[in-house]
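Heads up, the sequence shown stops at 634 in the working numbering, and the numbers go up one at a time, no gaps. Remarks on the structure that follows.
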Amino acid sequence: MRLMTRCAMQLTIKLVIALALAGVAWTPAFAVAPVAAVRTAVLSGQSPVGLTDPEGFTRFDARPVIDGQGRVAFLAAAGSMFEPTSVWAEGKTDLRLVAQANAVAPGLNSTFQQFEDLTLTAEGLIGFKALLTGPTVTVENRESIWLDRQGALTIVARASAEAPDPTKARRFLRFESPAAVNGDGRIAFFARTRDKELEVVQDSGFYAFGTSGLASIAAAAGPAISSEPGVAFNAQSFEAPFADDPVVNAAGVTVFRGFIEGPGVNETNLSGLWKYDPGAGLSLLLRGGDAAAGIPGATFVSFPAIPTINNAGDTAFLAFYHLASDATPSTLSSPTVAPNQAIHLGMWLRKSSGELQTLFTLGDAAPEIVGDAQFIDVFDPVMNGSGRIAIVAAVAGAAVTPTSEVGVWSSGLSADGGLELIARQGDLAPGGTGTIFGVFLEPSMNVRGQTAFMATGYDPAIEPGLSQSIGIWGEDRGGILRLVVESGQWLEVAPGDLRQVASISFTSETGGQDGKPRGFNDAGLLAFHATFVDGSSGIFVSNALAVPEPPAWPLFLGTAAMLWRRSASDIEIENARSFA
């Protein structure tokens with residue numbers, strides 16, 4: 055198994071999705087049912103309070119995020135296509151401007167320039183990264199991380215500011231991955247750092263923000279194992295391709311992977327998984343050379359994917375392992391493994407009690423595929439609050455063809471906790487559009503165990519296997535797979551105003567309790583961005599997977615109606631434009 059092969063495969067799948075998003079929508083030759091159970095959160099051309107541009111919103115960047123009540127936050131711009139976006143969120147009765155491009159950044163002698171990596175917790179807290187501009191802003195200090203608590207903006211960290219560190223003075227340099235935010239406002243993030251005095255020296259590490267301010271989780275050259283003095287995280291511990299998107303649960307606990315050096319460290323034990331608890335500090339969870347539970351004679355080699363966590367403190371992770379009968383393995387300290395080495399890959403669940411449970415390994419029979427089909431590759435898992443997982447995986451065998459080798463599996467709604475096949479490449483997608491599933495993007499899962507995902511589709515009568523549409527599907531509460539929205543469908547953005555969907559996007563890849571941005575909440579409400587054939591676009595919330603209907607849904611339909619009535623007189627729907 056080659057790590058670069060896995061990375062290349064994941065990048066290929068995401069490139070196919072991106073091309074489908076950018077392409078012209080496939081319009082079926084037959085009648086297609088309109089998008090059902092959707093409310094309009096915001097539409098291009100709309101001018102809410104706080105937006106002075108007469109054109110209203112013209113562009114929505116990135117994917118919307120959703121809280122536990124079904125309210126959304128998003129990045130939007132007004133005016134020309136070159137205008138920067140601002141951060142907006144739904145309040146109880148109206149849209150709220152959270153942070154505005156070209157406005158003064160609170161407490162700083164600078165202004166916001168642009169925003170990215172938006173996160174919204176179930177409780178309504180908003181996290182984001184921002185680039186700053188102004189007379190005192192340079193390339194070295196323009197990056198920053200922020201937290202919004204219902205209108206109160208707090209800066210979490212800024213480039214060039216002092217970074218807490220147990221070993222030496224450092225300053226933040228760059229924030230390259232999205233920060234993870236929990237419901238209490240605790241934040242975990244990855245940062246590049248530089249020596250405070252000798253600016254040419256660069257390192258990296260993980261950091262935490264909470265009620266006591268900033269703290270170091272782990273840093274290059276910092277202590278790694280309390281029982282082994284002199285053992286430290288090495289300089290490449292958090293560097294690409296091993297840099298992590300951090301995760302954090304409700305208690306502020308984060309897990310991550312790293313590499314170490316020092317006395318007793320060799321090629322078989324230099325890789326590990328760590329946990330940081332705000333109360334207990336840093337502890338080692340697992341290390342190369344440890345027994346791979348559930349597989350006789352197997353030991354862990356390294357951990358090639360980002361681990362995930364839930365509020366119970368359970369951790370799901372992928373690991374390379376080798377058997378006692380195999381040749382001596384080499385750790386994945388470089389991007390590839392030599393072809394003659396026997397390296398195997400599997401997935402484990404580590405309970406908060408320390409118990410290890412094998413979920414599956416490559417070579418296992420793929421559940422619910424009739425005939426010969428085994429797992430041959432898997433992408434990063436997502437895990438919900440009950441320790442159930444969902445994955446995209448590839449299969450091979452006599453029962454597999456070139457157009458049926460990838461699928462989505464989930465244990466979220468299974469009676470025994472085992473994996474069940476949710477959707478497979480080559481299957482007819484539900485929803486009546488005639489789409490055949492093509493390529494899947496990593497799924498999301500909520501606390502109920504429902505799984506939702508994006509996928510490309512194709513019409514075999516046009517060109518088999520060629521992606522011609524993009525859609526979102528998910529399980530309702532009864533486990534029935536339903537279509538949420540697909541390009542080519544007609545969506546009613548307001549009473550009597552139907553528009554044909556050209557492309558969509560959806561915030562995925564989370565189980566809902568790891569601090570990552572999400573577009574699918576525990577009530578089964580799903581937020582997405584849609585661009586239409588006429589060039590307009592908007593942010594929408596679907597109720598299609600929330601069966602039975604949650605009590606809050608009529609409230610938000612009423613709120614949406616009020617928002618529409620208030621804004622409709624200010625916009626010209628027919629001339630609304632969007633460049634998203």
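Glycine included, every Cβ here is placed at the ideal spot set by N, Cα and C. As the structure is a prediction and not an experimental result, all values here were calculated from the model.
Sequence ranges, beta strand (DSSP E) only - wholly within the stretch 314-392, length at least 3:
Complete beta strand (DSSP E) runs here, min 3: 325-331, 335-341, 352-356 and 369-377.
Please check the pair V462 and V446, which I expect to be a contact at CB under 8 Å, by giving their CB distance rounded to whole angstroms.
In the sequence shown, residue 462 corresponds to position 408, counting from 1. In the sequence shown, residue 446 corresponds to position 392, counting from 1. A Cβ-Cβ distance of about 6 Å is found for the pair V462 and V446, placing them in contact under the 8 Å criterion.
Please name the residue in G335, G333 and A352 whose C-alpha comes closest to that of G342.
Counting from one through the sequence shown, the residue named residue 342 turns up at place 288. When C-alpha distances from G342 are compared across G335, G333 and A352, the shortest belongs to A352.
Which residues DSSP lists as bridging S590, in chain order
Within the sequence shown, residue 590 is the residue found at index 536, counting from 1. Per the DSSP secondary-structure output, S590 pairs with nothing in a beta bridge.
Would DSSP call D257 helix, strand or coil?
Locating residue 257 in the sequence shown gives position 203, counting from the first residue. Three-state result, D257: strand.
Rounded separation between T187 and T139 - CA only:
By one-based count along the sequence shown, residue 187 stands at place 133. By one-based count along the sequence shown, residue 139 stands at place 85. T187 and T139 have their C-alpha atoms spaced approximately 14 Å apart.
Name the DSSP beta bridge partners of D513, please?
The residue given as residue 513 occupies position 459 in the sequence shown. According to the DSSP secondary-structure assignment, D513 is paired through a beta bridge with no residue.
Using C-beta distances below 7 Å, list every residue in its chain close to R246, excluding the 5 sequence neighbours before and after it, in chain order.
The residue given as residue 246 occupies position 192 in the sequence shown. For R246, where only same-chain residues beyond five positions count, the Cβ hits under 7 Å are L227, R228, E230, Q256 and S258.
Please report the distance separating the alpha-carbon of R150 from that of F114.
Reading the sequence shown from its first residue, position 96 is the one you call residue 150. Reading the sequence shown from its first residue, position 60 is the one you call residue 114. Between R150 and F114, the C-alpha separation is close to 15 Å.
DSSP has P277 in a bridge; who is on the other side?
By 1-based counting over the sequence shown, the position of residue 277 is 223. Bridge partners of P277: A286.
At a cut of 8 Å, does the stretch 406-415 reach the stretch 475-487 through at least three beta carbon pairs?
With the cut-off at 8 Å, the stretch 406-415 and the stretch 475-487 do not touch.
Quick check: the Cα distance between Y375 and E315, rounded to an integer number of angstroms?
Reading the sequence shown from its first residue, position 321 is the one you call residue 375. Reading the sequence shown from its first residue, position 261 is the one you call residue 315. If you draw a straight line from the Cα of Y375 to the Cα of E315, it comes to about 20 Å.
Would you tell me roughly how many angstroms separate the C-alpha atoms of P102 and V152, rounded to the nearest one?
The residue you call residue 102 lines up with position 48 of the sequence shown. The residue you call residue 152 lines up with position 98 of the sequence shown. So the two alpha carbons sit approximately 13 Å from each other.
I'd like the list of long-range same chain contacts for V432, defined as Cβ closer than 6 Å, with 5 residues on each side in sequence excluded.
The count along the sequence shown starts at 1 and reaches residue 432 at position 378. Counting only Cβ-Cβ distances below 6 Å, and skipping sequence neighbours, we find I445 and A447.
Touching by the beta-carbon criterion (3+ pairs, under 8 Å), the stretch 300-308 and the stretch 276-285:
The answer is no - the stretch 276-285 does not touch the stretch 300-308, with fewer than three Cβ pairs under 8 Å.
Taking the Cβ atom as the reference point for each residue, do A127 and I180 lie within a distance shorter than 8 Å?
On the sequence shown, position 73 is the one that residue 127 refers to. On the sequence shown, position 126 is the one that residue 180 refers to. In this structure, the beta-carbon distance from A127 to I180 falls below 8 Å.
To test your reading of the DSSP string, which unbroken beta strand (DSSP E) runs of 3 or more residues are found completely within the stretch 394-475?
Complete beta strand (DSSP E) runs here, min 3: 398-404, 410-415, 428-432, 443-450 and 460-464.
Return helix, strand or coil for L579, following the three-state DSSP convention.
On the sequence shown, residue 579 is found 525 positions in, with the first residue counted as 1. Note: L579 maps to coil in three-state DSSP.
As assigned by DSSP and simplified to three states, the class of L162
Mapped onto the sequence shown, residue 162 falls at position 108. If DSSP states are grouped into helix, strand and coil, L162 belongs with coil.
For K53 and D368, which I take to be in contact (beta-carbon distance under 8 Å), what is that distance rounded to the nearest angstrom?
The shown model of the chain, from 55 to 634, leaves out residue 53, and the question about it has no answer.
What did DSSP end up calling R240 once you bin it into helix, strand or coil?
Residue numbering aside, residue 240 sits at position 186 when the sequence shown is read from its first letter. In the structure shown, the three-state DSSP call for R240 is coil.
Within its chain, find whatever has a CB closer than 7 Å to the CB of A452; leave out the 5 residues flanking it on each side and keep chain order.
On the sequence shown, residue 452 is found 398 positions in, with the first residue counted as 1. Excluding five sequence positions before and after A452, the CB atoms of its chain that fall closer than 7 Å to its own CB belong to G425 and D426, given in chain order.
Identify the residues that DSSP records as bridge partners of K146: which are they?
Taking the sequence shown and counting its residues from 1, the one referred to as residue 146 is at position 92. Looking at the DSSP output, K146 bridges to nothing.
Going along the chain, which residues of its own chain have a beta-carbon closer than 6 Å to the beta-carbon of F292, five neighbours each way excluded?
Locating residue 292 in the sequence shown gives position 238, counting from the first residue. The answer, listed in chain order, is S258.
Label L545 either buried or exposed according to how many other C-beta atoms from any shown protein chain fall within 10 Å of its C-beta, with 16 as the threshold for buried.
Taking the sequence shown and counting its residues from 1, the one referred to as residue 545 is at position 491. Buried, since its Cβ has 16 or more Cβ neighbours within 10 Å.
Going by C-alpha to C-alpha distance, which of N575, S559, Q543 and A556 sits closest to A90?
One-based indexing of the sequence shown puts residue 90 at position 36. Per the Cα distances, Q543.
Please report the residue range of the beta strand (DSSP E) in which Q554 lies.
On the sequence shown, position 500 is the one that residue 554 refers to. Bounds of the beta strand (DSSP E) holding Q554 are D551 to S559.
Does the beta-carbon of V454 have 16 or more other beta-carbons within 10 angstroms, so that it is buried, or is it exposed?
Counting from 1 along the sequence shown, the entry for residue 454 is found at position 400. It counts as buried.
Taking the alpha-carbon of N438 as reference, which of L537, F574 and G318 has the nearest alpha-carbon?
Looking up residue 438 in the sequence shown gives position 384. With distances taken between CA atoms, N438 lies nearest to F574 out of L537, F574 and G318.
Closest residue to L174 among G566, P277 and A275 (Cα-Cα distance)
To locate residue 174, count along the sequence shown from 1; it is residue 120. Comparing Cα-Cα distances from L174 to each of G566, P277 and A275, the minimum goes to G566.
Whose C-beta lies closer than 6 Å to the C-beta of A262 among residues of the same chain, with five residues either side of it excluded?
Residue 262 sits at position 208 when you count from the first residue of the sequence shown. Cβ neighbours of A262 beyond the five flanking positions: A242, A269 and I271.
Taking the beta strand (DSSP E) that V210 falls in, what are its first and last residues?
Here residue 210 refers to the residue found at position 156 when the sequence shown is read from its first residue. V210 -> beta strand (DSSP E) spans A206 to R212.
Among S266, E409 and P571, which residue has its Cα nearest to the Cα of G348?
Counted from its first residue, the sequence shown places residue 348 at position 294. That would be E409, whose Cα lies nearest to the Cα of G348.
Host beta strand (DSSP E) of K183 (start-end):
Within the sequence shown, numbered from 1, the residue matching residue 183 stands at position 129. Bounds of the beta strand (DSSP E) holding K183 are I180 to T187.
Could you work out which residue in E563, Q204 and E216 is closest to D238 when comparing CA atoms only?
Translated into positions along the sequence shown, residue 238 becomes position 184. Nearest option by C-alpha distance: Q204.
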